[in-house]
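Student: Numbering (mature numbering (1 follows the signal peptide of the UniProt record, and there is no 0)), first residue to last: -34 to -1, 1 to 351.
1. Is it right to say residue 293 is buried, meaning 16 or more other beta carbons lie within 10 angstroms of its own, or is it exposed?
2. Considering only DSSP beta bridges, list what residue 69 is partnered with.
3. When the Cα of residue 277 is compared with those of 254, 287, 331, which residue comes out closest?
4. Evaluate residue 61 with the Cβ neighbour count: other Cβ atoms within 10 Å of its Cβ, from every protein chain shown; 16 or more gives buried, anything less gives exposed.
5. Can you tell me the Cα-Cα spacing of residue 231 and residue 224, whole angstroms?
6. By alpha-carbon positions, which one of 111, 148, 39 ends up nearest to residue 186?
7. Can you tell me whether residue 27 is buried or exposed? The criterion is at least 16 other CB atoms within 10 Å of its CB, across all chains shown.
8. Of the choices 244, 215, 336, whose alpha-carbon is the least far from that of residue 310?
9. Cutting at 6 Å between CB atoms, please list the residues of its own chain near residue 325, excluding the five before and the five after it.
10. Could you pull out every unbroken beta strand (DSSP E) segment of at least 3 residues lying fully inside the stretch 85 to 136, listed in chain order?
11. Could you spell out where the alpha helix (DSSP H) holding residue 239 opens and where it closes?
12. Assess contact between the stretch 96 to 106 and the stretch 72 to 82, defined as three or more Cβ pairs (one per stretch) separated by less than 8 Å. Is contact present?
13. Residues bridged to residue 315 by DSSP?
14. Report yes if the C-beta distance between residue 169 and residue 121 is below 8 Å; otherwise report no.
15. Of the choices 248, 126, 130, 321, whose alpha-carbon is the least far from that of residue 156?
16. Compute the beta-carbon to beta-carbon distance between residue 240 and residue 193, rounded to the nearest angstrom, for a pair I have assumed lies under 8 Å.
17. Quick check on DSSP: helix, strand or coil for residue 302?
18. Per DSSP, residue 337 forms a beta bridge with which residues?
19. Taking DSSP as the reference, what is the three-state secondary structure of residue 214?
20. Please say whether residue 210 and residue 229 have beta carbons closer to each other than 8 Å?
21. Would you call residue 336 buried or exposed, if buried means 16 or more other Cβ atoms sit within 10 Å of its Cβ?
22. What are the start and end residues of the alpha helix (DSSP H) that includes residue 253?
23. In this structure, does DSSP put residue 323 in helix, strand or coil?
24. What do you get for residue -11, buried or exposed, if any count of 16 or more other CB atoms within 10 angstroms of its CB means buried?
25. What's the C-alpha gap between residue 346 and residue 287?
As structure tokens, then:
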């Protein structure tokens, strides 16, 4: 498996202006204040019913060079695919909204113009949480471009903007991190990588115990399973959503890289050992399934001689009634991914799509999406587990 989102030296200078409020939701004056842990906030299971999914049609030539158009087209394809199951909101620069509408369409899709640097809304958009009464909050983890590796002056403001638009209680953490670095089961357990969170490029001077305590307080956690990860091999310092995902409480899907020449070969085996011996917050031993990357992905301009190409299946997205997963042109590996996900998510349709342009930049489907959980008083959860 090749490295993911290898250090980008280009700085993004492209940004839009203005904020529109057209999400199909009711808006009011936002509550922008820190909320104490006593409010009972918790980060819900991603597989529960969702209100909508956010994506960012925001690839620019400043970062993506000649691939920007293809990357945005792939974001648009994901938007149209997800919109078959539930509403989608596209974040985009104001000057790109017409292009976004042309490609993403308007069938179950709406738009929120914002200044943006890049497409990775999972990382910079904050983490949605719910309180005991089902009210919505949003935790802002102060995105800093994955440890100041890429320009982020616009993206770091997106979490607060989403909190404003959604009337969510805004909760600003003292930590710096990314949404792709957090995996929870919705029942008090999380899996995280030390290489991402316990890193001086994000949280200098803070100990593992301090970081652990802050995450537990903000996300309603009782136990964090820490995996070592690996620093400096990709721009994210090893986000957990390329290594381990909860299928449901007590059940984990783990990446297992079978290429002996890959830096992830020993890393994923160490992770597997930890996960197999771990228990969750309820004291249950984890049932662990492995999902290897493809050994022979399709060959094209995105994959050939590109050490950043992220050929991993773990980075799938769960939505109402479906799972959106990558396919890489390796028939055996693509088929195994589909079969495993169908086994673990009975009743959901597994939809596999070609995301090569996005994977060429080191990310996947989960990286470029952010789900909004269904909150109390909204429509019924038909079509979702």
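Backbone N, C-alpha and C fix where the C-beta goes; we use that ideal spot for every residue, glycine too.
A quick note: this is a predicted structure, and the numbers were derived from the prediction, not measured.
Tutor: With the structure as the only source:
1. If you number the chain shown from 1, residue 293 lands on position 327. By the neighbour-count rule (16 or more Cβ atoms within 10 Å), residue 293 is buried.
2. Counting from 1 along the chain shown, the entry for residue 69 is found at position 103. Its beta-bridge partners do not exist; DSSP assigns none.
3. Here the question's residue 277 lines up with position 311 in the chain shown. When each option's Cα is compared against that of residue 277, the closest is 331.
4. Working through the chain shown from its first residue, we reach residue 61 at position 95. It counts as exposed.
5. For this step, residue 231 is matched to residue 265 along the chain shown. For this step, residue 224 is matched to residue 258 along the chain shown. In a straight line, the C-alpha of residue 231 is about 6 Å away from that of residue 224.
6. For the purposes of this step, residue 186 is identified with residue 220 of the chain shown, where counting begins at 1. Considering only alpha carbons, the answer is 148.
7. Residue numbering aside, residue 27 sits at position 61 when the chain shown is read from its first letter. Residue 27 comes out exposed.
8. Residue numbering aside, residue 310 sits at position 344 when the chain shown is read from its first letter. Minimum Cα distance to residue 310 is reached at 215.
9. Here residue 325 refers to the residue found at position 359 when the chain shown is read from its first residue. If we look at residue 325 and ignore the five residues flanking it on each side, its Cβ neighbours are 275, 276.
10. 93 to 96, 102 to 106
11. The residue you call residue 239 lines up with position 273 of the chain shown. Residue 239 -> alpha helix (DSSP H) spans 230 to 243.
12. no
13. As a working note, residue 315 is residue 349 in the chain shown. BP columns for residue 315 point to 288.
14. In the chain shown, counting from the first residue as 1, residue 169 sits at position 203. In the chain shown, counting from the first residue as 1, residue 121 sits at position 155. No, the pair does not count as a contact, with Cβ atoms beyond the cut-off.
15. The residue given as residue 156 occupies position 190 in the chain shown. For residue 156, the nearest C-alpha among the options comes from 248.
16. Along the chain shown, read from residue 1 onward, the residue named residue 240 stands at position 274. Along the chain shown, read from residue 1 onward, the residue named residue 193 stands at position 227. Residue 240 to residue 193, Cβ: 6 Å. Contact.
17. Taking the chain shown and counting its residues from 1, the one referred to as residue 302 is at position 336. Correct three-state label for residue 302: helix.
18. As a first step, residue 337 is located in the chain shown; it is residue number 371 there, counting from the start. Answer is 19.
19. In the chain shown, the residue the question calls residue 214 occupies position 248. Reduced to three states, the DSSP call for residue 214 is strand.
20. Taking the first residue of the chain shown as position 1, residue 229 is located at position 263. Taking the first residue of the chain shown as position 1, residue 210 is located at position 244. For residue 229 and residue 210, no; Cβs fall outside 8 Å.
21. Taking the first residue of the chain shown as 1, we reach residue 336 at position 370. Under this definition residue 336 is a buried residue.
22. As a first step, residue 253 must be located in the chain shown, where it is residue number 287. That residue, residue 253, is in no alpha helix (DSSP H); its beta strand (DSSP E) goes 253 to 257.
23. Residue 323 sits at position 357 when you count from the first residue of the chain shown. It is helical.
24. Position 24 of the chain shown, counting from 1, holds the residue named residue -11. Because the pLDDT at residue -11 is just 43, under 50, the model does not fix this residue reliably, and the value given afterwards should be weighed accordingly. It is exposed - the Cβ of residue -11 has fewer than 16 other Cβ atoms within 10 Å.
25. Here residue 346 corresponds to residue number 380 of the chain shown, with the count starting at 1. Here residue 287 corresponds to residue number 321 of the chain shown, with the count starting at 1. Unreliable placement is indicated for residue 346, whose pLDDT of 39 sits below 50; the coordinate value is still reported in the next sentence. Roughly 13 Å between the two C-alpha positions.
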